[in-house]
Amino acid sequence: MKGTQLGEFEELVLLIIGVLYPNAYGLQIRIEIMEQTGRKVAIGAVHSALSRLQDKGFVKSALAEATHERGGRRKRLFQITAAGKDAMEKNHELRNSLWNKIPDMALKGLSYGGSV
Amino acid sequence: MSNHPPKLADLFLGWFCRSELLEEIKGDLHECYGIEQAEKGTMRARWLYWYHVLHFLRPFAIKKKRQNSNLIIMYKSYFKFAFRNMTRHRLHSVMNLLSLSVGMACFVFVFIYVKTELSYDRFHTNADRVHRVVIDLIESDGNILPDATTPPALSVALKRDMPEVETAVRLFPGWGSKFLIGTSEEKKFYEEGLIRADSTFFDVFSFPFLYGNPETALDKPRQLVITRKAALKYFGREDVVGETLTIFSMNNARATISGVIEDIPDNSHFKFDFLTRLTFRGIDANWGWWNYYTYVKLNEGTNLENFNAKLPALYENARPGQDNYAPIYSQALTDIHLKSDLKWELGTNGNMSNIYIFSALGLFVLLISCINYLNLTVGHSLKRLKEIGLRKVFGAHRRSLISQFLIEALIMIILAVSMGTLLAEMLFRNLGDTLGKEVSVFTPDNLPALGAIALGGIVIGILAGLYPALHLSSFRVVNAVKGILNKNGKSAVSLRQVLLVLQFTISGIMIIGTLVVFKQLKHVQNADLGFDSEQVLVIDNASSVSNQQTLKAELSQLANVSEVGVSSGIIGGINWTTSLGYPDEILLNYVAVDPEFIDVMDFEMVAGRNFSKEIATDKQGFNIILNEQALKELGFSLEDVGKPQPIYLLNDTIRNGTVVGVLKDFHFTSFKSSIKPFGFFYREQTMDYMNVKLSTANLSGTLDQIEQTWNKVANGAPFEYFFLDENFSHLHEQESKLSEILTYLTILALFIAFVGMFAIANMTIRDKLKEIAIRKVLGASASRVSAMITRRFIGLVIIANLIGMPIAYLLMSRWLEGFVYHTSMDLLLFVAAIASTLLVAWMTVGSQSIKAALGSPVKSLRQD
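Order-wise, the sequence lines are chains D and G. Here the first sequence stands for residues 1 to 116, where the numbers follow this note's numbering. Here the second sequence stands for residues 117 to 980, where the numbers follow this note's numbering.
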């Protein structure tokens, strides 16, 4: 199922939505991504990812109450759906199982500081 | 304001962003703006806002065009049908596109070329107020010899006596001499482009300064303004104000660079790399030296007619006591390049009549290709009757049919304009040498022109598309569906024929024109000049050798050198003039030479003898060798040769002179003018030019030998030379230019006509497939059927030629009248024109008709 694959950036956005629950909306997600990962991300990129996630059914959204700081404009708040949770778990499990399958020898002595 | 993000960005966002997403996106963006403004300041935040807005140009956020809009679907379908039609009838569309692009290419080419020619000297601020004042010369027989030069005192008198003159400047060019200029003894070059001028130069002309101040650049005598090119050549950098250059050939004068200007643009009628102050003594009152150019800048609102009317009086007052005054008048700066054709112009000028010829041709070729388009589209559309009928049945309005055909026309035109522009650029690349300058379609200056061309193309496209559109949409439904043409069809066919005739008429005229120009060029090139200019090598800095006689002797020793002579000028290049004759003076062109020079040039001696080293009187006074024209104008006959005759009046004393020899007339100027008097004096002195006659065609070896000999004697001076026949070919530069461009344009025009005829023959044959089949069934042979079809087209071409020939004859005989020595138009030219057009017609129609005639009649008859 090509359409329901979870991309790397999408997964990140999905995780952040979970982290920010219940206040996940576009700008906040962007700020959180930038803080957690140090990446520079345009708001447009976040919105685009959110729109894709919603198309795939991984998140649902609703417009929140208007607040003062945005000139009375409402925010769209995002929540993870069951399908989203499922996709995240699958990704997580896949990753864990692969990680565990790596033999110790393969990673031995590989570290940035050099002194292990 | 500052609390609000850029309004324009918001507007832009609102324009492209889907309305259901706009609120949340805008909200996020504004909030983000607030944060970033606080952190990074307003400026950065505003930039970032734009960055974020542009980042929303992604598919998910951009408005979808409403799918259910009739209009959009309709237009989409038009494009789709246009595309399908083009691919289905590939041959037809390629031909149509090719001929249209070629036509456009010719048009763009001519347009840009003419525009470049017309742009001369317009870059000066106040170019409209700058004029050149010139005085013609009057010859003894009353002939007026138009001349661009003036005496130096003229400018002073103009400034003093004419209130209209704001300022004036004199130019004194190098007159062919080369200046040895350098930063040091080691780094020096010969430079031709040195002009001396008054300090007012930059008040009149506005060449843009890179460094230095135009106000003071020529205030002091030893100041030098150089171009960027010269600065880079000598110093390797541009900002060289304050540096000094030594002009070795001006008594080692050291000049301080006071300004660096942009390189002189191609569209300036005079060019230079070095500009220095005019410092000759006594010139301000000199009315006798004719080697200065006078430019004036008039006050704003000066009435030019009044100004010109006052000039003769000024000239007469300045030189009282003269009996006849030569015409004095002014020329607008911007007219000089195209309209002035005087003796001693500062550069090679263009020619207004060439401009007219090119413009006419460009328009003609465009016209031919538009006709083609019209022919092809109308003809082709007859095949689309069923489509039109069906559209009508399904309720298409006439208007929508028209717009469908217009859109197809526009697609074609847009493709053709772009292809044509690229083609024109290719033409310019190929013709760079011929045009003598780099012209490109794609320069910033040409942007508006390109815009105009695109717009013009679209207008033409609409006009050319309108007829087919109106014509096609006018069919009655029932007939259209059945594929029957009513009377309209008949008229379309005959219109096609008229247009075809028009096309071939134009092609025929162009072929004849090209042939005539070509023939005239050959005539000029092969004409007997009266001397032998081939294999003559001219060393043009011969005066930089201290011992010229040694060099001459050494060169004469070389195996492949048959003769060496020196001269103070070049036949067909630079010569001197003087007044001579008694009692009536004539204007005599002359150069000083040695006896060997006459042999080098291989002049034909009609009477008398060559100069001789043994005869002392040959070397001074008025012992001269004349050409026949000079002999005649001086009033001598062949009997007078060798006898002293009164020849010159100096200080009320009549001086005698002897014509020692008479040469057969020879050409030393353009073939547009008749042969003028020419004379030679023998002087033993150092002269500028050494003429070396080579006896071999093996140039490279001989050149090496000559250069080695030169290096032995010349004491470090560079070896500079040219070949006399090359120099002579400059005299008919205009004609060879015209001939080459004409050839290109004619080939293109013929190509277009060929395409047109091919396509029309193709369509005619398809219309007649049934007729051909029936004729064959009834027993006609393939050759007869083919001849039947070909005959009609041949007839049209003959009609076209009959119309075109007299027009071509009239046009070209007028052109030839401009030459004193010109070729004639013979029958062969016209036969060639008619033969080539017939050949084209026969090839295009004949091959197709044979193919059609050989086909099986069953196939074409079975269809119904």
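Glycine is no exception: its CB is placed at the ideal position from the N, C-alpha and C atoms. Predicted model, so just to flag it, every value in this text is computed and none were measured.
Hey, residue i and residue j: beta-carbon distance below 8 Å or not?
| i | j | result |
| --- | --- | --- |
| Ile-625 (chain G) | Gly-920 (chain G) | yes |
| Val-617 (chain G) | Ala-425 (chain G) | no |
| Tyr-805 (chain G) | Gly-685 (chain G) | yes |
| Ala-948 (chain G) | Phe-909 (chain G) | no |
| Ile-741 (chain G) | Ile-763 (chain G) | no |
| Met-373 (chain G) | Glu-354 (chain G) | First, the residue type needs correcting, since residue 373 (chain G) is Ile and not Met in the sequence shown. Contact flag unset, no. |
| Leu-394 (chain G) | Asp-457 (chain G) | no |
| Val-280 (chain G) | Asn-433 (chain G) | The question names Val, but residue 280 (chain G) is Glu in the sequence shown. It is not a contact, given that the beta carbons lie outside the stated cut-off. |
| His-208 (chain G) | Ala-875 (chain G) | yes |
| Ile-43 (chain D) | Arg-52 (chain D) | no |
| Lys-218 (chain G) | Ser-485 (chain G) | A small fix is needed here, since residue 218 (chain G) is Val in this sequence, not Lys. Taking 8 Å as the Cβ cut-off, Val-218 (chain G) and Ser-485 (chain G) qualify as a contacting pair. |
| Tyr-411 (chain G) | Val-481 (chain G) | no |
| Tyr-860 (chain G) | Leu-543 (chain G) | yes |
| His-108 (chain G) | Ala-45 (chain D) | Limits of chain G in this structure are 117 at one end and 980 at the other, which puts residue 108 (chain G) out of reach. |
| Leu-840 (chain G) | Val-654 (chain G) | yes |
| Ile-966 (chain G) | Ser-897 (chain G) | no |
| Val-555 (chain G) | Ile-228 (chain G) | yes |
| Ser-589 (chain G) | Arg-514 (chain G) | yes |
Give the straight-line distance between the Cα atoms of residue i and residue j, rounded to the nearest whole angstrom.
| i | j | result |
| --- | --- | --- |
| Asn-23 (chain D) | Ser-97 (chain D) | 32 Å |
| Phe-390 (chain G) | Asn-705 (chain G) | 30 Å |
| Glu-541 (chain G) | Phe-558 (chain G) | 8 Å |
| Val-829 (chain G) | Thr-666 (chain G) | 8 Å |
| Leu-694 (chain G) | Gly-567 (chain G) | The sequence shown places Thr at residue 694 (chain G), rather than the Leu named in the question. Rounded to whole angstroms, Thr-694 (chain G) to Gly-567 (chain G) spans 54 Å at the Cα level. |
| Leu-6 (chain D) | Arg-95 (chain D) | 13 Å |
| Glu-933 (chain G) | Asn-743 (chain G) | 25 Å |
| Ile-297 (chain G) | Asp-549 (chain G) | 29 Å |
| Gly-577 (chain G) | Pro-267 (chain G) | 56 Å |
| Asn-467 (chain G) | Ile-857 (chain G) | 14 Å |
| Val-376 (chain G) | Thr-299 (chain G) | 16 Å |
| Lys-401 (chain G) | Ile-380 (chain G) | Contrary to the premise, residue 401 (chain G) reads as Ala rather than Lys in this sequence. Rounded to whole angstroms, Ala-401 (chain G) to Ile-380 (chain G) spans 31 Å at the Cα level. |
| Gly-872 (chain G) | Gly-895 (chain G) | 32 Å |
| Val-116 (chain D) | Gln-36 (chain D) | Below a pLDDT of 50, predicted positions are generally treated as unreliable, and Val-116 (chain D), at 40, falls in that range; the measurement from the model is reported next regardless. The alpha-carbon atoms of Val-116 (chain D) and Gln-36 (chain D) are separated by roughly 27 Å. |
| Asn-242 (chain G) | Ile-342 (chain G) | 23 Å |
| Phe-195 (chain G) | Asn-488 (chain G) | 23 Å |
| Phe-796 (chain G) | Ala-708 (chain G) | 6 Å |
| Thr-392 (chain G) | Gln-339 (chain G) | 6 Å |
| Ile-702 (chain G) | Tyr-837 (chain G) | 33 Å |
| Tyr-327 (chain G) | Lys-635 (chain G) | 51 Å |
| Leu-261 (chain G) | Phe-787 (chain G) | 16 Å |
| Pro-289 (chain G) | Leu-766 (chain G) | 30 Å |
| Tyr-149 (chain G) | Leu-164 (chain G) | 8 Å |
| Ala-254 (chain G) | Lys-304 (chain G) | With the sequence shown as reference, residue 254 (chain G) is identified as Ile, and Ala is not the correct amino acid for it. Cα-Cα distance, rounded: 42 Å. |
| Lys-603 (chain G) | Leu-611 (chain G) | At Lys-603 (chain G) the pLDDT is 47, less than 50, meaning the model places this residue with poor confidence; the figure from the coordinates comes in the next sentence. Between Lys-603 (chain G) and Leu-611 (chain G), the C-alpha separation is close to 13 Å. |
| Val-112 (chain G) | Val-757 (chain G) | It is not possible to answer for residue 112 (chain G), since the shown part of chain G is limited to 117 through 980. |
Considering residue i, what are the terminal residues of the beta strand (DSSP E) in which it resides?
| i | result |
| --- | --- |
| Ala-207 (chain G) | The identity of residue 207 (chain G) in the sequence shown is Leu, whereas the question assumes Ala. Taken as a continuous stretch (DSSP letters only), Leu-207 (chain G) belongs to no beta strand (DSSP E), being part of the alpha helix (DSSP H) at 206–234. |
| Leu-77 (chain D) | 76–80 |
| Gln-5 (chain D) | No beta strand (DSSP E) holds Gln-5 (chain D); DSSP gives it neither H nor E. |
| Asn-772 (chain G) | 769–779 |
| Arg-397 (chain G) | Neither: Arg-397 (chain G) is in no beta strand (DSSP E) and is coded neither H nor E. |
| Met-721 (chain G) | 721–724 |
For the alpha helix (DSSP H) that contains residue i, what are its first and last residues?
| i | result |
| --- | --- |
| Pro-711 (chain G) | 711–717 |
| Val-557 (chain G) | Careful: Val-557 (chain G) lies outside any alpha helix (DSSP H) and carries neither H nor E. |
| Phe-318 (chain G) | 317–320 |
| Gly-143 (chain G) | 135–156 |
| Gln-36 (chain D) | 26–37 |
| Glu-307 (chain G) | Unbroken run through Glu-307 (chain G) is the beta strand (DSSP E), 304–307; no alpha helix (DSSP H). |
| Gln-761 (chain G) | Segment 760–766 is the beta strand (DSSP E) holding Gln-761 (chain G); no alpha helix (DSSP H) there. |
Does the ligand GDP have a heavy atom nearer than 7 Å to the CB of residue i?
| i | result |
| --- | --- |
| Gln-665 (chain G) | The ligand GDP is absent from the structure shown, which contains no ligands of any kind. |
| said: Ignoring anything shorter than 4 residues, give me the alpha helix (DSSP H) runs that lie fully in the segment 406–470 of chain G, in order along the chain. | reply: 420–434, 452–455
| What residues in the segment 41–52 of chain D bring their beta carbon closer than 8 Å to a beta carbon of chain B? | Going by chain labels, chain B is absent from the structure shown, which instead holds the protein chains D and G.
| task | Could you please tell me which residues of the segment 6–29 of chain D, in chain order, have their CB closer than 8 Å to any CB of chain G? | result | Identification of residues in the segment 6–29 of chain D having a C-beta nearer than 8 Å to some C-beta of chain G yields Tyr-25, Gly-26, Leu-27, given in sequence order.
| chain G contacts made by the segment 65–97 of chain D, where a contact means CB separation under 8 Å | Glu-69, Arg-70, Gly-71, Arg-73, Arg-74, Lys-75, Arg-76
| query | Along the segment 157–178 of chain G, what residues have a CB closer than 9 Å to any CB found in chain D? | reply | Tyr-167, His-168, Val-169, Leu-170, His-171, Phe-172, Leu-173, Arg-174, Pro-175, Phe-176, Ala-177
| query | Which runs of the alpha helix (DSSP H) spanning at least 4 residues fall entirely within the segment 889–953 of chain G, listed in chain order? | reply | 898–932
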